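Below is one structure, written out as structure tokens; comments come after it.
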Amino acid sequence: LNYGVSVPKVALQIQSQVEQQLLFMTGLKVTEVNVHVQGVVPEKTTSTVDPNNPFADEEENGEE
Numbered sequence: 005l006n007y008g009v010s011v012p013k014v015a016l017q018i019q020s021q022v023e024q025q026l027l028f029m030t031g032l033k034v035t036e037v038n039v040h041v042q043g044v045v046p047e048k049t050t051s052t053v054d055p056n057n058p059f060a061d062e063e064e065n066g067e068e
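Per this note's numbering, the very first residue in the sequence shown carries number 5; after that it's consecutive.
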């Protein structure tokens, strides 16, 4: 998910899509679809910040 996207709204969309696909694939109407979000893991970033000198300028960290 991108930053700012509502996790509960996405969970509801997933529930709806799963319900529709199960109906389409099996012909059975499901009574309940549960989606449990157990956590959010942020994307790994490629930071050039030196942890020993976090306030250095970009040139000092090898960036130009």
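The beta carbon of each residue, even a glycine, is placed where N, CA and C say it ideally should be.
No experiment lies behind these values; they were computed from the predicted model shown.
Where residue i falls: helix, strand or coil (DSSP)
| i | result |
| --- | --- |
| S10 | coil |
| L16 | helix |
| T50 | coil |
| T35 | coil |
| P42 | Going by the sequence as given, residue 42 is Gln instead of Pro. Coil, per DSSP. |
| N65 | Because the pLDDT at N65 is just 48, under 50, the model does not fix this residue reliably, and the value given afterwards should be weighed accordingly. Correct three-state label for N65: helix. |
| L5 | coil |
Contact belief for residue i with residue j at Cβ below 8 Å, rounded distance in angstroms
| i | j | result |
| --- | --- | --- |
| V11 | V41 | 6 Å |
Pick from the options that is closest to residue i, judged by C-alpha positions
| i | options | result |
| --- | --- | --- |
| L5 | V45, L27, L16 | V45 |
Proximity test, residue i beta-carbon vs the ligand GDP heavy atom, cut-off 7 Å
| i | result |
| --- | --- |
| V53 | As far as ligands go, the structure on display features none, and thus does not contain the ligand GDP. |
- Query: So does the stretch 48-59 actually touch the stretch 22-40, counting three or more Cβ pairs closer than 8 Å?
  - Reply: no
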